[in-house]
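Visitor:
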Amino acid sequence: MKKLLLSLALATGLLSSCTPNTTEASVEETAAVTTQNYFVLNRNVQQLKAIAKAAGELAIADSSTFGEFNVIICGKSVQDMVTPEIMDPFMEILNANNVNVIACGFSLKKFEVDPAGLPEGVTVVPNGIQYGFEKQKEGYYSITL
Numbered sequence: 002m003k004k005l006l007l008s009l010a011l012a013t014g015l016l017s018s019c020t021p022n023t024t025e026a027s028v029e030e031t032a033a034v035t036t037q038n039y040f041v042l043n044r045n046v047q048q049l050k051a052i053a054k055a056a057g058e059l060a061i062a063d064s065s066t067f068g069e070f071n072v073i074i075c076g077k078s079v080q081d082m083v084t085p086e087i088m089d090p091f092m093e094i095l096n097a098n099n100v101n102v103i104a105c106g107f108s109l110k111k112f113e114v115d116p117a118g119l120p121e122g123v124t125v126v127p128n129g130i131q132y133g134f135e136k137q138k139e140g141y142y143s144i145t146l
């Protein structure tokens, strides 16, 4: 009886090891094609250089899975966005690292900043915080600075 039970246990183990594990393969294939998207909710334009550098490094690390990198500028710092002396150097490095720059429309209105004065390529969303939550629901990696 012991030999029969041992034989059955051994046979079951051998059969299960011979069955292909399609679940693992499917998960690996799905992970291989998942796009990595990022956004940063930022209240200080002085951090834009570090943000651009991080975006560039993530693009290299993620390679073919790198999707997009957005930085949303909100709060009082939107006032700095219309000052070319401040923003031009940042925009150069942000553009070089393929970072999408977005201004919070709520903040622009609150601090009476005319969107027409924003640097070329900056887009405006009605509410930067809401935009951030929407991106999180879409699976974006996020951080608030």
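Numbering (this note's numbering), first residue to last: 2 to 146. We treat Cβ as the ideally placed atom computed from N, Cα and C, and that holds for glycine. Small disclaimer: the values here were computed from a predicted structure and weren't measured.
1) Which class does GLY122 belong to by DSSP, given the choice of helix, strand or coil?
2) Report the start-end ranges of each beta strand (DSSP E) in the stretch 49-104 that is 3 residues or longer and not cut off at the edges.
3) Using three-state DSSP, classify TYR141 as helix, strand or coil.
4) How close, in whole Å, do the beta carbons of ILE52 and VAL100 come, if the pair is a contact with beta carbons under 8 Å?
5) With which residues is VAL41 paired in a DSSP beta bridge?
6) If THR36 sits next to THR84, beta carbons under 8 Å apart, how far is it from one beta carbon to the other, in whole angstroms?
Guide: On the basis of the coordinates in this document:
1) coil
2) 67-74
3) coil
4) 7 Å
5) VAL72, ILE144
6) Actually they are not in contact, since the Cβ atoms of THR36 and THR84 sit about 34 Å apart, beyond 8 Å.
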